[in-house]
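Note sheet for the following structure.
Numbering (full-length UniProt numbering), first residue to last: 1 to 644.
The following block contains the structure:
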């Protein structure tokens with residue numbers, strides 16, 4: 001029995017081994033029959049030993065770092081370097097490098113002719129966008145002769161040329177077919193055809209004679225292979241001109257090359273992020289169907305009109321205006337390209353009005369554009385409807401604020417509001433607060449009762465880190481807040497709060513994250529409750545986001561001092577916060593982070609406007625009082641029910 005089992009196992013193993021052998025043989029045959037395809041682009045950089053640690057190294061550290069098919073070519077004197085270097089035999093690092101240039105091309109012909117479809121030769125002080133170069137070359141057929149670059153003609157025809165040559169600095173691109181045609185004659189060209197010392201001119205002369213082509217003279221080549229002559233492009237490294245280039249030359253400063261590379265990486269990150277969002281939206285297919293439950297909002301060049309009855313008309317938001325302007329600019333460029341081919345004089349195009357709505361994946365737009373152009377001496381107006389989408393973006397990276405335990409100093413100015421103080425202290429007591437101080441700046445008229453409430457809280461609560469400052473001056477919010485922050489250090493985080501505000505613990509996290517010393521202040525948009533007597537228990541009519549309020553502010557004391565604090569000449573209710581906001585905007589060195597803050601709620605209370613206030617302050621107070629009574633819808637219904 002055991003013998004039979006062994007024989008059976010032997011035959012099974014033999015069959016499996018034969019099957020495996022046949023499979024491997026067939027796979028091997030498949031590989032042998034599969035002709036190896038050449039790689040696409042080989043980049044050769046002409047340099048000299050004295051520039052290996054500067055210009056060449058900076059190229060290798062920046063644009064060339066992620067590309068494998070690149071080598072740096074220098075003279076025959078070998079030195080140590082971490083770069084992929086080819087030391088060209090029988091050549092020296094002398095200028096102009098005519099012999100080195102011809103020897104380099106001969107090296108490519110001898111070693112790489114059948115390995116690549118395209119070859120680029122450039123100087124070491126160039127910056128190349130390899131991805132844009134590859135995209136450009138894929139539109140061409142490498143089996144045909146090509147000689148591509150920035151065309152040059154020489155000065156006053158003194159180079160004995162009838163055709164343009166390509167300037168080597170920003171890069172010369174030749175196809176494999178061009179290299180095949182000139183390769184056998186490169187030594188001959190160097191010894192017999194050269195009539196000048198200019199390497200680029202003589203290479204162009206050689207290519208013209210043996211490949212019968214000259215450098216491309218397309219207008220676009222000047223912007224693709226960009227040769228600078230004290231061009232202001234360097235003053236604006238994020239300019240549109242820089243975005244169009246394939247190569248940029250000369251960059252003698254290595255620092256500038258690193259700077260341009262950082263701008264390129266930033267733009268590339270934005271481009272990839274946009275691609276990711278586009279593909280995600282395409283996969284989900286959400287943008288192909290309109291949501292019948294969502295209404296579009298209407299806008300023109302100045303205003304936004306919403307079905308929201310609380311604010312049916314408002315100034316058009318800056319992001320919407322910017323997007324409309326940018327889309328119109330790109331549309332005009334497309335229209336201009338089309339009209340140029342038809343020899344029609346394009347005048348202008350401008351968005352007249354449009355609609356937009358928010359969906360799960362982004363903002364959807366419908367633009368109505370007016371395009372004006374002149375045809376046969378007649379001015380023609382053409383209306384166009386354009387649909388576009390601005391996708392929402394996910395965070396690229398989440399930065400952890402390592403100082404999430406930073407102590408927060410609430411500063412609360414108070415006068416004539418004992419009942420509100422009691423509610424505020426109850427809410428304060430209910431929160432399990434860590435690293436939070438409360439500075440109450442109290443007018444002396446009600447100090448006894450208020451201090452009694454505060455002392456009671458201190459005795460029964462863990463959140464007893466409360467200080468009271470008594471002020472004899474007439475109430476001025478700016479003055480009272482100043483009395484509070486004078487007790488703090490420059491590196492202390494402050495939050496100006498009102499006694500009518502309720503907050504939660506999540507708000508404290510966002511306050512610490514969104515307030516950054518020497519960089520950013522936090523202006524939360526507070527949700528304000530309407531009068532409970534008029535809200536009619538409607539979920540959408542219980543309050544509104546207080547976009548016009550600037551009283552709540554998170555800021556470091558050092559930053560507050562930079563903008564010179566509050567205008568203390570303002571007495572009574574309002575205006576000092578708007579004045580401070582404008583000065584922070586004008587300061588420029590501080591960013592303003594402003595967003596809806598779900599962790600802050602302004603509890604409704606009847607507002608009393610002192611008629612002794614200045615005229616503009618009294619007007620602001622009355623406007624705020626009316627606005628926070630109830631929504632426009634509720635007030636309208638109330639009006640119709642009583643008077644109609």
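Just so you know, even glycine gets a beta-carbon here, dropped at the ideal spot from N, CA and C. Nothing here was measured: the structure is a model prediction, and the numbers come from that model.
### Query
For residue 654 versus residue 93, is the C-beta spacing smaller than 7 Å?
Residue 654 lies beyond the residue range present for the chain, which begins at 1 and ends at 644; the question has no answer from this structure.
### Task
Please state whether DSSP places residue 290 in a helix, a strand or coil.
Walking along the chain shown from the start, residue 290 turns up at place 290. Residue confidence for residue 290 is low, a pLDDT of 48 falling below 50, so the modelled location carries little weight and cannot support an answer.
### Message
With H, G and I counted as helix, E and B as strand and the rest as coil, what does DSSP make of residue 487?
### Response
Here residue 487 refers to the residue found at position 487 of the chain shown. In this structure, residue 487 counts as coil in the three-state DSSP scheme.
### Query
Do residue 494 and residue 564 come within 7 Å of each other at the CB atom, strictly closer than that value?
To locate residue 564, count along the chain shown from 1; it is residue 564. To locate residue 494, count along the chain shown from 1; it is residue 494. It is not a contact, given that the beta carbons lie outside the stated cut-off.
### Query
Are residue 566 and residue 484 touching if we call contact CB-CB under 7 Å?
For the purposes of this step, residue 566 is taken as residue 566 along the chain shown, with counting starting at 1. For the purposes of this step, residue 484 is taken as residue 484 along the chain shown, with counting starting at 1. No, these two residues do not count as a Cβ contact at 7 Å.
### Task
Taking all protein chains shown into account, decide if residue 270 is buried (16 or more other Cβ within 10 angstroms of its Cβ) or exposed.
As a working mapping, residue 270 is identified with position 270 in the chain shown. Exposed, because fewer than 16 other Cβ atoms sit within 10 Å of the Cβ of residue 270.
#### Entry: Nearest-angstrom Cα separation, counted from residue 468 out to residue 455
The residue you call residue 455 lines up with position 455 of the chain shown. The residue you call residue 468 lines up with position 468 of the chain shown. Residue 455 and residue 468: Cα-Cα distance of roughly 10 Å.
### Message
What ranges does the alpha helix (DSSP H) occupy inside the region 477-556, keeping only unbroken runs of at least 4 residues that lie completely in it?
### Response
477-485 and 505-514
### Query
Buried or exposed: where does residue 426 fall if 16 or more other Cβ atoms within 10 Å of its Cβ makes it buried?
Position 426 of the chain shown, counted from the start, is the residue given in the question as residue 426. So residue 426 ends up on the exposed side.
#### Entry: Selected residue, minimal CA-CA separation from residue 163, among 138, 186 and 201
Sequence index remark: in the chain shown, residue 163 carries index 163 (1-based). Among 138, 186 and 201, the Cα nearest to that of residue 163 belongs to 201.
### Message
Strictly under 7 Å for the Cβ-Cβ distance: is residue 642 near chain D by that measure?
### Response
The structure shown contains no chain D, having only a single protein chain.
### Query
Should residue 465 and residue 593 be called a contact, given that it needs their Cβ atoms to be closer than 7 Å?
The residue labelled residue 465 in the question sits at position 465 within the chain shown. The residue labelled residue 593 in the question sits at position 593 within the chain shown. No, the pair does not count as a contact, with Cβ atoms beyond the cut-off.
#### Entry: Limits of the beta strand (DSSP E) - the one that residue 381 falls within
Position 381 of the chain shown holds residue 381. Residues 378-391.
### Contiguous beta strand (DSSP E) assignments of at least 3 residues, all confined to the region 201-277
225-227 and 247-249
### Message
Below 8 Å, how does it come out for the region 213-223 and the region 126-143: are there three or more Cβ pairs, yes or no?
### Response
no
### Message
Which residue wins for smallest C-alpha separation from residue 144, given the options 459, 211 and 198?
### Response
Here residue 144 is taken as the residue at index 144 of the chain shown, counted from 1. Residue 211 is the option with its Cα nearest to residue 144.
### Message
Short of 8 Å in beta carbon distance, which residues of its chain neighbour residue 278, apart from the five on each side in sequence? Order them along the chain.
### Response
What you label residue 278 is simply residue 278 of the chain shown in a count that begins at 1. So the list reads 391, once near-sequence residues are dropped.
### Query
In chain order, what residues of the same chain lie with their CB nearer than 7 Å to the CB of residue 417, ignoring the 5 residues before and after it?
As a first step, residue 417 is located in the chain shown; it is residue number 417 there, counting from the start. So the qualifying residues of the chain are 499.
### Query
Are residue 45 and residue 129 touching if we call contact CB-CB under 7 Å?
Working through the chain shown from its first residue, we reach residue 45 at position 45. Working through the chain shown from its first residue, we reach residue 129 at position 129. No, Cβ-Cβ distance for residue 45 and residue 129 is not below 7 Å.
### Query
How would you call residue 509, buried or exposed, if buried means at least 16 neighbouring beta carbons within 10 angstroms?
The count along the chain shown starts at 1 and reaches residue 509 at position 509. So residue 509 ends up on the exposed side.
### Query
Quick check: the region 573-590 against the region 485-492, are there 3 or more CB pairs under 8 Å?
no
### Query
Is the Cβ-Cβ distance between residue 151 and residue 225 less than 7 Å?
Along the chain shown, read from residue 1 onward, the residue named residue 151 stands at position 151. Along the chain shown, read from residue 1 onward, the residue named residue 225 stands at position 225. No, they are not a contact pair.
#### Entry: C-alpha gap between residue 121 and residue 147, whole angstroms
Taking the chain shown and counting its residues from 1, one reaches residue 121 at position 121. Taking the chain shown and counting its residues from 1, one reaches residue 147 at position 147. Spanning the two alpha carbons is a distance of roughly 11 Å.
#### Entry: residue 298 and residue 305 closer than 7 Å at C-beta
One-based indexing of the chain shown puts residue 298 at position 298. One-based indexing of the chain shown puts residue 305 at position 305. Closer than 7 Å, so yes.
### Message
Per DSSP, what are the beta-bridge partners of residue 467 in this structure?
### Response
The residue given as residue 467 occupies position 467 in the chain shown. DSSP lists 439 as partners of residue 467.
### Query
Looking at C-alpha atoms only, which residue of 259, 227, 583 and 167 is the closest neighbour of residue 205?
The residue you call residue 205 lines up with position 205 of the chain shown. Of 259, 227, 583 and 167, the residue nearest in Cα terms is 167.
### Message
So, with DSSP's three-state summary, where would you put residue 189?
### Response
On the chain shown, position 189 is the one that residue 189 refers to. In this structure, residue 189 counts as helix in the three-state DSSP scheme.
### Message
Using only CA atoms, which one of 388, 327, 602 and 53 lies nearest to residue 530?
### Response
If you number the chain shown from 1, residue 530 lands on position 530. Ranking 388, 327, 602 and 53 by Cα distance to residue 530 puts 602 first.
#### Entry: residue 76 (DSSP reduced to helix, strand or coil)
Within the chain shown, the letter at position 76 stands for residue 76. In this structure, residue 76 counts as coil in the three-state DSSP scheme.
### CA nearest to the CA of residue 506, picked from 165, 227, 434 and 135
Sequence index remark: in the chain shown, residue 506 carries index 506 (1-based). The shortest Cα separation from residue 506 among 165, 227, 434 and 135 belongs to 434.
### Query
Whose CA, out of 606, 599 and 521, lies closest to the CA of residue 589?
By one-based count along the chain shown, residue 589 stands at place 589. Closest option to residue 589, Cα to Cα, is 521.
### Query
Measuring CA to CA, which of 583, 625, 640 and 439 is closest to residue 414?
Locating residue 414 in the chain shown gives position 414, where the first residue counts as 1. Closest option to residue 414, Cα to Cα, is 439.
### Query
Should residue 518 be labelled buried (16 or more other beta-carbon atoms within 10 Å of its own) or exposed?
Position 518 of the chain shown, counted from the first residue, corresponds to residue 518. Residue 518 should be labelled exposed.
### Message
Counting C-beta neighbours from all protein chains within 10 Å, is the total for residue 387 16 or more, i.e. buried, or is it exposed?
### Response
Reading the chain shown from its first residue, position 387 is the one you call residue 387. Classification of residue 387: exposed, given that the 10 Å Cβ count is below 16.
### Message
Using the Cβ count rule (16 or more neighbours within 10 Å means buried), how would you classify residue 441?
### Response
By 1-based counting over the chain shown, the position of residue 441 is 441. Per the 10 Å Cβ criterion, buried.
### Message
Could you give the first and the last residue of the continuous alpha helix (DSSP H) run that contains residue 428?
### Response
Along the chain shown, read from residue 1 onward, the residue named residue 428 stands at position 428. Start and end: 418-430.
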